[in-house]
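This report concerns only the one structure given below.
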Amino acid sequence: MPARNASPPAASSDDHDSPWKEALELYFSEAMALLAPDLHTIIDWLVPVEFLDKELQAVLRASAPAQGRRHADKLVRVRLLGGTDDALLLVHVEVQGHLSSPQALQVFGWRMLEYSVLFRQRERRRGKTLLPPQVYSLGILINQPPRSGDMPPTGTLTYRNDFLTQETRFTFPIVELESWRSRWDELDALAPTNPFAVVIMAQLQATGHPDKATRLAPLLDLTRRLYGYGYTRDRIGALLRLVESMVRLPTALESDYLLAARQLEQEHEMSYVTIAERHGMAKGRTEGRTEGEANLLLRLIQRRFGPVDEATTQRIRSADSAHLETWSLNFVDAATLDDVFRD
Numbered sequence: 003m004p005a006r007n008a009s010p011p012a013a014s015s016d017d018h019d020s021p022w023k024e025a026l027e028l029y030f031s032e033a034m035a036l037l038a039p040d041l042h043t044i045i046d047w048l049v050p051v052e053f054l055d056k057e058l059q060a061v062l063r064a065s066a067p068a069q070g071r072r073h074a075d076k077l078v079r080v081r082l083l084g085g086t087d088d089a090l091l092l093v094h095v096e097v098q099g100h101l102s103s104p105q106a107l108q109v110f111g112w113r114m115l116e117y118s119v120l121f122r123q124r125e126r127r128r129g130k131t132l133l134p135p136q137v138y139s140l141g142i143l144i145n146q147p148p149r150s151g152d153m154p155p156t157g158t159l160t161y162r163n164d165f166l167t168q169e170t171r172f173t174f175p176i177v178e179l180e181s182w183r184s185r186w187d188e189l190d191a192l193a194p195t196n197p198f199a200v201v202i203m204a205q206l207q208a209t210g211h212p213d214k215a216t217r218l219a220p221l222l223d224l225t226r227r228l229y230g231y232g233y234t235r236d237r238i239g240a241l242l243r244l245v246e247s248m249v250r251l252p253t254a255l256e257s258d259y260l261l262a263a264r265q266l267e268q269e270h271e272m273s274y275v276t277i278a279e280r281h282g283m284a285k286g287r288t289e290g291r292t293e294g295e296a297n298l299l300l301r302l303i304q305r306r307f308g309p310v311d312e313a314t315t316q317r318i319r320s321a322d323s324a325h326l327e328t329w330s331l332n333f334v335d336a337a338t339l340d341d342v343f344r345d
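Under our numbering, the first residue of the sequence shown is numbered 3, with each subsequent residue one higher.
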């Protein structure tokens with residue numbers, strides 16, 4: 003059973019954005035079965051879903067979200083049962099910030115409404131139709147504190163705006179991960195057939211143990227459970243990578259975890275790439291990918307704007323992947339070199 007908090011956990015330096023994005027893409031159907039079962043039942047899962055990452059980034063840039071906000075988003079095109087109609091599904095994971103006041107909830111509601119309108123407007127223009135496709139907006143709140151009288155009813159959030167005779171109402175479903183903490187046994191029972199239950203369990207352990215020094219036992223418990231769920235070798239490897247990313251340990255405890263994990267592998271007569279080896283390979287892949295992204299951006303800039311000075315070259319070559327992605331998106335409609343490097 004994960005740690006139970008009387009108050010929301012303090013913010014940590016964990017990077018939940020990346021593992022959530024990866025988890026949603028790996029186990030999208032399973033995620034919807036757990037988090038949005040009413041939606042899951044009307045999607046034709048025989049038709050492959052389409053992740054619209056480029057379209058998502060274009061719209062998010064247009065909305066100009068507040069700096070510093072951390073979230074993981076997925077925009078997905080799905081086929082609905084009983085026809086040929088497509089629908090857009092926006093899954094928004096709110097990673098940072100506690101929506102503990104009516105104003106914070108209204109801001110969150112407005113942002114979800116804005117995204118929905120922008121997506122529908124973009125699709126209507128592209129399809130040259132009178133009406134846009136349906137957009138299902140789902141908010142997932144990771145660190146939502148205990149409810150008070152000002153909190154919305156469980157399951158939905160409504161953005162409201164009234165001005166004279168004008169009324170705006172936008173109601174969308176929300177999932178508060180903390181509501182699953184009391185349902186740990188249910189998640190454990192679902193995990194053998196739904197790997198996304200493991201993702202939720204990992205997130206609950208991470209938020210329930212914001213002090214990384216206390217995470218060794220919870221991480222080992224999840225690792226032990228993974229071996230017992232009857233997953234294939236490849237699935238255990240993918241889930242272990244996500245679990246270790248979410249329930250991140252301090253460096254001082256990694257050797258202890260490695261020793262215990264190797265013992266578990268021997269008990270189950272299975273061999274997997276260990277946490278240290280995975281970190282090394284991931285670092286190598288990231289460094290190689292980042293170098294390629296930097297070289298490509300430099301070539302594009304030189305083709306459009308001509309030769310660049312040494313300072314600009316070094317700025318690009320020393321940038322991390324997140325900055326390179328932002329600058330590459332800026333380059334698409336940049337009129338000057340300064341436009342490329344805008345935040």
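All C-beta atoms in this analysis are idealised placements derived from N, C-alpha and C, irrespective of residue type, glycine included.
Pairwise C-alpha distance: residue j and residue i
i    : j    : result
T216 : V249 : 10 Å
R226 : D258 : 15 Å
I318 : K56  : 21 Å
A106 : R301 : 43 Å
G84  : R122 : 22 Å
L62  : S323 : 18 Å
E27  : T328 : 21 Å
E125 : G111 : 21 Å
Q366 : G232 : This structure does not reach residue 366, given that the chain is present from 3 up to 345, and the question cannot be answered.
N163 : R113 : 13 Å
G239 : L132 : 47 Å
V342 : E312 : 16 Å
L192 : A321 : 42 Å
V310 : E293 : 18 Å
L218 : Q316 : 40 Å
R183 : K214 : 19 Å
P194 : G230 : 8 Å
E2   : R127 : This structure does not reach residue 2, given that the chain is present from 3 up to 345, and the question cannot be answered.
Q108 : F174 : 12 Å
L260 : A254 : 11 Å
R171 : L241 : 39 Å
L58  : K130 : 19 Å
R185 : Q205 : 14 Å
L189 : L41  : 20 Å
P134 : A60  : 18 Å
E256 : H270 : 21 Å
L224 : R305 : 51 Å
A262 : R237 : 20 Å
E167 : V80  : Checking the displayed sequence, the identity of residue 167 turns out to be Thr instead of Glu. Those two C-alpha atoms are separated by around 37 Å.
Strand pairing of residue i, partner residues [DSSP]
i    : result
Q168 : F165
F174 : L159
F53  : V78
V137 : L90
I45  : L82
Buried versus exposed, by CB contacts within 10 Å (16 or more), residue i
i    : result
E169 : exposed
T338 : exposed
M283 : With a pLDDT of 44 at M283, under the threshold of 50, the modelled position of this residue cannot be trusted, and the question is left open.
T234 : exposed
I303 : buried
A208 : buried
E178 : buried
G165 : The question names Gly, yet the displayed sequence has Phe at residue 165. So F165 counts as exposed.
S247 : buried
D340 : exposed
S20  : exposed
Q268 : exposed
P104 : exposed
R344 : exposed
G210 : buried
L48  : exposed
W22  : buried
Rounded Cβ spacing between residue i and residue j (contact assumed at less than 8 Å)
i    : j    : result
L244 : E24  : 6 Å
I45  : L82  : 6 Å
F333 : L298 : With a Cβ gap of about 10 Å, F333 and L298 do not count as contacting.
L326 : A296 : 6 Å
Y29  : P197 : 5 Å
L159 : G141 : 7 Å
L54  : L77  : 4 Å
Y117 : S139 : 7 Å
D75  : V93  : 7 Å
L222 : L251 : So it is not a contact: roughly 10 Å between Cβ atoms.
G157 : I176 : 7 Å
Cβ of residue i within 7 Å of any chain B Cβ
i    : result
N196 : Here there is only one protein chain, and chain B is not present.
Taking one C-beta from the segment 190-208 and one from the segment 23-43 each time, how about it: are there three or more such pairs within less than 8 Å? Yes, the segment 190-208 touches the segment 23-43.
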